[in-house]
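Asker: Using UniProt numbering, read the sequence shown as starting at 1 and increasing by one per residue. Every residue gets a Cβ at the ideal spot worked out from N, C-alpha and C, and that includes glycine.
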Amino acid sequence: MPTYAAPVRDMTFVIEHLAGLNEINHLPGFEEATDDLVAAVLEEAARFGGGVLAPLNPVGDHQGCRLENGKVVVPTGFADAYRQFVEGGWNAVPFEPEWGGQGLPQVVATAVQEIWHAANMSFALTPMLTQGAVEALSVHGSDELKQTYLAKLVSGEWTGTMNLTEPSAGSDVGALRAKAVKQADGSYRITGQKIFITSGDHEMAENIVHLVLARLPDAPAGVKGISLFVVPKFLVNPDGSLGKRNDVACIKLEEKLGIHGSPTCVMAFGENEGAIGWLVGEENKGLALMFTMMNNARLSVGLEGVAQCERATQKAVAYAKERIQGGGPIIIHADVRRMLLTNKALTEATRALAYYAASRLDIARHHPDSAARAEAQALVDLLIPVVKAWSTDTGLAVASTAIQVFGGMGFVEETGVAQHMRDARIAQIYEGTNGIQAMDLAGRKVVRDGGAAFGRLLEQIRAVDSELAAAGPAWDGLKRRLGAAAAAAEQAAQFIIKNAAADSALLGTVAVPFLELVGITVGGWLMAKAGLKAEELLAQGADGSDYLSAKVVTARHYADAVLTRAGGLLAQVEAGSGQIMALDAERF
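(1) Determine whether the beta carbon atoms of residue 129 and residue 198 lie at a separation below 8 Å.
(2) Give the secondary structure of residue 255 by DSSP, where H, G and I count as helix, E and B as strand, and everything else as coil.
(3) Tell me where the alpha helix (DSSP H) around residue 309 begins and ends.
(4) By a C-beta neighbour count over all protein chains shown, 10 Å radius and 16 as the cutoff for buried, is residue 76 buried or exposed?
(5) Residues bridged to residue 67 by DSSP?
(6) Would you list the one or two residues that DSSP bridges to residue 193?
(7) Please classify residue 564: does DSSP put it in a helix, a strand, or coil?
(8) Give me the DSSP bridge partner(s) of residue 160.
(9) Please tell me whether residue 213 and residue 295 are closer than 8 Å, where the distance is taken between their beta carbons.
(10) In the DSSP assignment, find the beta strand (DSSP E) that holds residue 179 and state where it starts and stops.
(11) List the DSSP bridge partners of residue 623.
(12) Could you pull the DSSP bridge partners for residue 437 from this structure?
(13) If you measure between the beta carbons of residue 123 and residue 42, is that distance less than 8 Å?
(14) So what's residue 576 in DSSP terms, helix, strand or just coil?
(15) Is the number of C-beta pairs between the stretch 418 to 427 and the stretch 382 to 398 that are closer than 8 Å three or more?
(16) Tell me, to the nearest whole angstrom, how far the beta carbon of residue 246 is from that of residue 231; I am working on the premise that it is less than 8 Å.
(17) Beta-carbon within less than 6 Å of residue 57's beta-carbon, same chain only, minus the 5 sequence neighbours each way: which residues are those?
(18) Could you name the residues that DSSP lists as bridge partners for residue 275?
(19) In whole angstroms, give me the CA-to-CA distance for residue 557 and residue 298.
(20) Just checking, does the stretch 562 to 582 make contact with the stretch 476 to 488 on the three C-beta pairs under 8 Å criterion?
(21) Could you check which residue in 353, 105 and 132 has the C-alpha nearest to that of residue 525?
(22) Would you mind giving the Cβ-Cβ distance between residue 390 and residue 258, rounded to the nearest angstrom? I have them listed as a contact below 8 Å.
(23) State the DSSP-derived secondary structure class of residue 244, mapped to helix, strand or coil.
(24) For residue 411, count neighbouring Cβ atoms within 10 angstroms of its own Cβ and tell me buried if that reaches 16, exposed if not.
(25) Since I believe residue 236 is in contact with residue 140 (beta carbons under 8 Å), could you give me their beta-carbon distance rounded to a whole number of angstroms?
(26) Just checking, does the stretch 8 to 28 make contact with the stretch 95 to 109 on the three C-beta pairs under 8 Å criterion?
(27) Buried or exposed, going by whether 16 or more other CB atoms sit within 10 Å of the CB of residue 588?
(28) Residues bridged to residue 198 by DSSP?
(29) Given a threshold of 16 other Cβ atoms within 10 Å of its Cβ, counted over all protein chains shown, does residue 539 qualify as buried or as exposed?
(30) Report yes or no: do the stretch 578 to 587 and the stretch 371 to 388 share at least 3 C-beta pairs separated by less than 8 Å?
(31) Starting from residue 138, follow the alpha helix (DSSP H) in both directions and report where the run begins and ends.
(32) Apply the 10 Å Cβ neighbour rule to residue 434 and answer buried if 16 or more other Cβ atoms are within range, or exposed otherwise.
So, in structure tokens, the structure goes:
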């Protein structure tokens, strides 16, 4: 099977025409992010992803990671690939120049990150977790912590982890038991065990900087008593050199359904004298500090869904063109084309949503006008749970459909397409389960402000209606179905706003179909804009007519295959919680 080829043409199209690069590169600090520079960055990332990372993807899947004599051994080739990754400056792409970062817009870094996840999701998780550590320390770390850790983390010479989950504290973070005791020198001794820690140990980098949630002896109960600490694998001397090994170790590697090339560790802190750590921010404010990183973290996980859509669809298309049945390649059959075109439409819609959200994040952080920043931030807050949940749900569905295109050969590991379904499954779970994302959207983002931010989003969606009408009768189907989906989303939101206070079970019951309804509607809006722009460029005689004409067809198919689901999702929301809560636990 052919290896991964990053869809640079579609990436640049989305960045320029949907995410609004010309708006982003007028923001302070982003002036050099021209069309040409962005294209060059993506082309180079595509070469590294396709040439170095993608060939290691099946290696990681087959070999997995091993714990030998207290050390984690990563799959063959991963350490060398990581060395090349760091030397190429790729780890520094999303970070501020102050600490050695390249200072590229988030929307560009998002496209680059999609390439890493599509080429080799297991490999990509290590720099993704490092990004979270950099963000936490950049925003909340003391000057001393920043000087000690940021430059090395930004370069990738050191990697970072996030240590939240414990055996008794998963989504209920307030139940965590890890302890921190302050020492006379201002440091803390950390004791406790953390589970599901991605890249908790490895030999690819000189040092690993763990961010750990723990509880002080006199801390309030629950989430209000959690503090955040930096706990390095190796202590750092005053001159920046590495000192002795800290009291932190991986004591077990999990055996997992997918992402075999990524070490998922059980980490023991302080099994001897206690791990030495330093407080980040204020005591008992740790969970709030973690939430400042959640938008980027959830955007990154949503990209994993986009990436698995792309990789699985590429394999399915290649197979359908070469598999001969019934006198020709199976791609001539209508059912196979239906699966492939629907996969293509969903892949492009989730990509457009992720990049658009990333561009709004750029505006929220860098626009000189405070009102513009606030408006963009409200939109980011609304869209991020949709990016995370809808994109990862879609990633699993698209990977499953890709297996169906392969038929029996898709069920055989030899072809490699099954790996994408196995790898995609975790993205619906970590960084907040998709059910939690849905309740966040429905409760915090829609009910809390009475639907104001959501209403402004619907106004943007409906603004494309006049453009579709002016484009001619070929766009009538998309216009009609997008309008119906927007109306369904608005009706669903109003139902939730009206009834949530009186029915404590409502959000948990209807939030998931509501989020899917919002996802397919926003995706339909972006696909409509993409199709119209592609048709405009075709009329102007722009290069890439095959790509542009396919974009038009794909947008219209999205309306037929995806937007038509809106009515059923609205019905699920308006059914409420009655039947869900009617069956007591004993009768399940």
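Answerer: Here's the rundown:
(1) yes
(2) coil
(3) 294 to 322
(4) exposed
(5) 72
(6) 268
(7) helix
(8) 209
(9) no
(10) 179 to 182
(11) Missing from the structure shown is residue 623; the chain here goes from 1 to 588 and no further.
(12) Note: residue 437 sits in no beta bridge, so no partner.
(13) no
(14) coil
(15) yes
(16) 7 Å
(17) 120
(18) 190
(19) 28 Å
(20) yes
(21) 353
(22) Actually they are not in contact, since the Cβ atoms of residue 390 and residue 258 sit about 20 Å apart, beyond 8 Å.
(23) strand
(24) exposed
(25) That pair is no contact at about 18 Å.
(26) yes
(27) exposed
(28) 264
(29) exposed
(30) no
(31) 121 to 140
(32) buried
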